[in-house]
Amino acid sequence: SRSKRTRTSQSAQRETQKECTSVQEDTEVIIVGAGVLGAAMATLLARDGRKVVLIERDMTPPDRFAGELLQPGGFCLLKKLGLEGAVEGLDAQTLYGFLINEVDTKLLLDITFPEDEKKDVICGRTFHNGRFVNNLRKAALAEPNVKIIEGTVTNLLEEGDRVVGVEYKDKATGETKELCSALTVVADGQFSNFRKTLTSGKYTVTSHYIGFVIKDCPAFRKDKAEYILANQNLMIVYQISTNETRVLVDIKGEMPKNIKEYLIETVYPQLPERIQEAFLKTVEKERLRATPIGFMKPMPVLKPDTGVLILGDAYNVRNPTTGSGMSVALNDLSIWRDFFKNIPDLYDDKAILQAKKKFHWMRKRSHSFVVNVLAQMIYDLFSATGGSVLKLRNAYFDYFQFGNPGTGPVEMLSILSPDPKKLMGHFLGAALHVIRYAFKMEPWYLKPRALFKSSMLLFCGMSVIFPVMFSEMQQYKIW
Ligand SMILES: Cc1cc2nc3c(=O)[nH]c(=O)nc-3n(C[C@H](O)[C@H](O)[C@H](O)COP(=O)(O)OP(=O)(O)OC[C@H]3O[C@@H](n4cnc5c(N)ncnc54)[C@H](O)[C@@H]3O)c2cc1C
1 SRSKRTRTSQ SAQRETQKEC TSVQEDTEVI IVGAGVLGAA MATLLARDGR KVVLIERDMT
61 PPDRFAGELL QPGGFCLLKK LGLEGAVEGL DAQTLYGFLI NEVDTKLLLD ITFPEDEKKD
121 VICGRTFHNG RFVNNLRKAA LAEPNVKIIE GTVTNLLEEG DRVVGVEYKD KATGETKELC
181 SALTVVADGQ FSNFRKTLTS GKYTVTSHYI GFVIKDCPAF RKDKAEYILA NQNLMIVYQI
241 STNETRVLVD IKGEMPKNIK EYLIETVYPQ LPERIQEAFL KTVEKERLRA TPIGFMKPMP
301 VLKPDTGVLI LGDAYNVRNP TTGSGMSVAL NDLSIWRDFF KNIPDLYDDK AILQAKKKFH
361 WMRKRSHSFV VNVLAQMIYD LFSATGGSVL KLRNAYFDYF QFGNPGTGPV EMLSILSPDP
421 KKLMGHFLGA ALHVIRYAFK MEPWYLKPRA LFKSSMLLFC GMSVIFPVMF SEMQQYKIW
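Take 1 as the starting number for the sequence shown in UniProt numbering and just add one per residue.
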């Protein structure tokens, strides 16, 4: 949704700002959405001397089961950005790594995050998302340069090809108001209302997660997030407070009409025995919720292409299985923070456009390519229930057990070193191991068949990885 205005010159834009700004003198940046990205961005820009208005439709702490696992890479960056206070006082749990538990084969891979120079494990954190976001918002509120408005942004205001501000409905009064600024940052999340008016990016739903919390579940390793790869569903289990364990159940295809019945009849029998009782008790009495899971590749803003930035999940979404969305948002934010330091006047559309182009490639080299490709690949492998993808998974796990993949995969997964060259090296190592694996699985008199089998597995691997790699490498005609 947009609102058109007619004036175009820069001086007219500055005048417009004076007309409709009543909340904060000389607002330089309006941020739409005080989620992980918006709230953190408001704080950092304010600390760098910018006048920021943050507009959030609901300031009560979000009650959602997204964004509860902060990878070590994201946590290190949070500290580097001076926002580490946001994980304090939440009963956040320290995360040391992952367990991959393949129920049918009883395979258990125990993966620990890399160590620092002092030989301490570089840990992540898990927590209630609502508490974390609330702390980020509090940090923004504490900045004198930030004003927070509780209201829903309904329109972007345009003058020519430029976004000059927003129209919003104030929550307290119900009034519709306008606010102008040099730059509007759209950070309204996965279900962004403004993405479709600004970019050609399409959010594609691939499956659904059902989420609920088990209280006082004694059976889990509290220091590691566990992937349970059952024969019909993928489940992810991790501790979000001292006595609360989050359970996420992935459902491919159509959502069942009765979620409770589905969990009891279909999911329960697939679970490891040690958690069955706690699972059943919880499913019978707790609130069960579902959310769509999908992906959206990053797309540049079309028209109006100046005066506006789109970031966070509104800009780029990946499968949440690897728990990396918040870390990507923080990494993107860190890049933009450095850019802004060299753009004193945010009406300088030329400088912002240059920065947008640079950002598009820089984020790929520094984090987004690896994270987006790995997220999709891991989801495809972990959620496989049969056919060649399941065979590929077996070969891949064999690589982890016997192929000596080194620390590279964990460094990439934990977003400590998401280097595209390292990812290519990993794929090459895995591909060679797949060939060895195919030969190992055949008796001596059927070795020639291994050639055919390894080709099939490699073809399957390419069909999993290549589409997402291709979409990541796309060059946009607009630039
Ligand atoms: C099921 C699931 C599990 C996930 N698990 C993880 C995980 O474990 N680890 C991880 O790192 N990532 C995870 N993610 C991804 C992560 O949640 C996102 O990457 C992250 O929250 C993106 O932050 P954001 O600021 O872009 O959006 P959000 O955090 O969604 O914030 C958007 C904000 O905009 C506000 N808003 C929306 N529309 C308007 C409007 N019109 N006006 C004003 N305000 C508005 C919303 O109220 C909200 O506060 C998960 C995602 C899903 C779906």
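The beta carbon of each residue, even a glycine, is placed where N, CA and C say it ideally should be.
Per DSSP, the unbroken beta strand (DSSP E) holding residue 252 starts and ends at 244-252.
Residue 42 holds the alpha-carbon nearest to the alpha-carbon of residue 143 among 42, 393, 178 and 279. Between the C-alpha atoms of residue 445 and residue 250 there is a straight-line separation of about 41 Å.
If the five residues before and after residue 241 are omitted, its C-beta is found closer than 6 Å to the C-beta atoms of 91, all from its own chain and listed in chain order. Judged by beta-carbon spacing, residue 415 lies beyond the 8 Å limit of residue 67, meaning their Cβ atoms are not closer than that value. The residue from 34, 45, 122 and 164 with its alpha-carbon nearest to that of residue 410 is 122. Beyond the five residues adjoining it in sequence on each side, residue 329 comes within less than 6 Å, by CB distance, of 36, 37 and 312 in the same chain, given in chain order.
Distance from the C-beta of residue 55 to the nearest heavy atom of ligand 1 is below 7 Å. According to DSSP, residue pairing for residue 151 in a beta bridge involves 170.
In terms of Cβ geometry, residue 126 and residue 95 form a close pair [threshold 8 Å].
Annotation for residue 351: the continuous alpha helix (DSSP H) segment containing it runs 349-363. The DSSP-derived three-state label of residue 460 is helix.
Annotated as distal: residue 430 and residue 442, with beta-carbon spacing of 8 Å or more. If you look at residue 61, you'll find it isn't in any beta strand (DSSP E); DSSP assigns it neither H nor E. For secondary structure counted as the beta strand (DSSP E) over 3 or more consecutive residues, the region 49-131 holds these complete runs in sequence order: 52-56, 93-95, 97-102, 107-112 and 124-126.
Distance from the C-beta of residue 62 to the nearest heavy atom of ligand 1 is below 7 Å. Following the DSSP letters along the chain, one finds residue 297 in no alpha helix (DSSP H), marked with neither H nor E.
Between ligand 1 and residue 111, a heavy atom-to-CB distance of less than 7 Å is absent. Assigned with DSSP and collapsed to three states, residue 325 falls in helix. For residue 224, the enclosing beta strand (DSSP E) has its first and last residue at 224-229. Counting only residues of its own chain and dropping the five nearest sequence neighbours on each side, residue 255 has a CB closer than 8 Å to the CB of 208 and 290. Between the alpha carbons of residue 260 and residue 334 lies a gap of roughly 42 Å.
In the three-state reduction of the DSSP assignment, residue 235 falls in the strand class, which pools E and B. One Cα belongs to residue 55, the other to residue 205, and the distance between them is close to 27 Å. According to DSSP, residue 31 shares a beta bridge with 54 and 185. The secondary-structure analysis by DSSP pairs residue 302 with nothing; it has no beta-bridge partner. Linking residue 371 to residue 173 through their CA atoms gives a straight-line distance of about 42 Å. If you check the CB distance, residue 307 and residue 198 do not come in under 8 Å.
DSSP, read as helix, strand or coil, puts residue 273 in helix. For residue 225 against residue 270, the beta-carbon gap comes to about 19 Å, at or over 8 Å, which does not count as contact.
Under the three-state reduction of DSSP, residue 417 is assigned to coil, being neither helix nor strand.
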